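J.: Residue numbers (this note's numbering): 34 to 164. Glycine residues also receive a C-beta, built at the ideal position from the N, C-alpha and C atoms. These numbers were taken from a predicted model, which means no experiment stands behind them. Questions regarding the structure given below will be posed in turn.
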């Protein structure tokens, strides 16, 4: 696969299942481009950016994750909250590395919603898979 090939996706319009078997290439947040070729990299980079923007809001988001009664948290600042944990280095948070692409996209949507980031200010580009 040529990693330089990518396609734009309608991140907020796609059904979450449309992300199955997809991998990010890079994303644009508020007109700045960030490389991220895995969902873990994307979540880590996004969390790092958002933490710097408003740490209190990130703490509130993490608290929301802890109190989600219908599932185990996907992300936390406490490794004890996560079953299949991976320390994501840029943000210093713990991520459930077993979440799939649809759940990763859902988590990203939750983050962007929590920070009230308008859909026009976030674009995701996906890798084009070779034959």
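Does the count of Cβ pairs from the region 113–132 and the region 143–160 closer than 8 Å reach three?
T.: no
J.: Which residue from 161, 129, 160 and 148 puts its Cα closest to that of residue 88?
T.: 148
J.: Can you give me the C-alpha to C-alpha distance between residue 132 and residue 144, rounded to a whole angstrom?
T.: 16 Å
J.: To the nearest angstrom, how far is the alpha carbon of residue 71 from that of residue 55?
T.: 9 Å
J.: Considering just the uninterrupted stretch of the alpha helix (DSSP H) at residue 129, what are its terminal residues?
T.: Residue 129 -> not in any alpha helix (DSSP H); beta strand (DSSP E) instead, spanning 126–129.
J.: Assuming residue 149 is part of the alpha helix (DSSP H), what are its boundary residues?
T.: Counting along the chain, residue 149 falls outside any alpha helix (DSSP H), and DSSP gives it neither H nor E.
J.: Would you mind stating whether residue 43 and residue 161 have Cβ atoms separated by less than 8 Å?
T.: No, the Cβ-Cβ distance between residue 43 and residue 161 is not below 8 Å.
J.: Between the Cα of residue 139 and those of 48, 86 and 40, spot the shortest distance and give me the residue it belongs to.
T.: 48
J.: State buried or exposed for residue 117, treating a residue as buried only when at least 16 other CB atoms are found within 10 Å of its CB.
T.: exposed
J.: Quick check on this structure: which residue in 109, 40 and 64 has the alpha carbon closest to the alpha carbon of residue 151?
T.: 64
J.: Compare the C-alpha of residue 129 against each of 146, 107 and 113 and name the closest.
T.: 107
J.: For residue 52, is the classification buried or exposed, using 16 other Cβ atoms within 10 angstroms of its Cβ as the cut-off for buried?
T.: buried
J.: Taking buried to mean at least 16 other C-beta atoms within 10 Å of its own C-beta, is residue 146 buried or exposed?
T.: exposed
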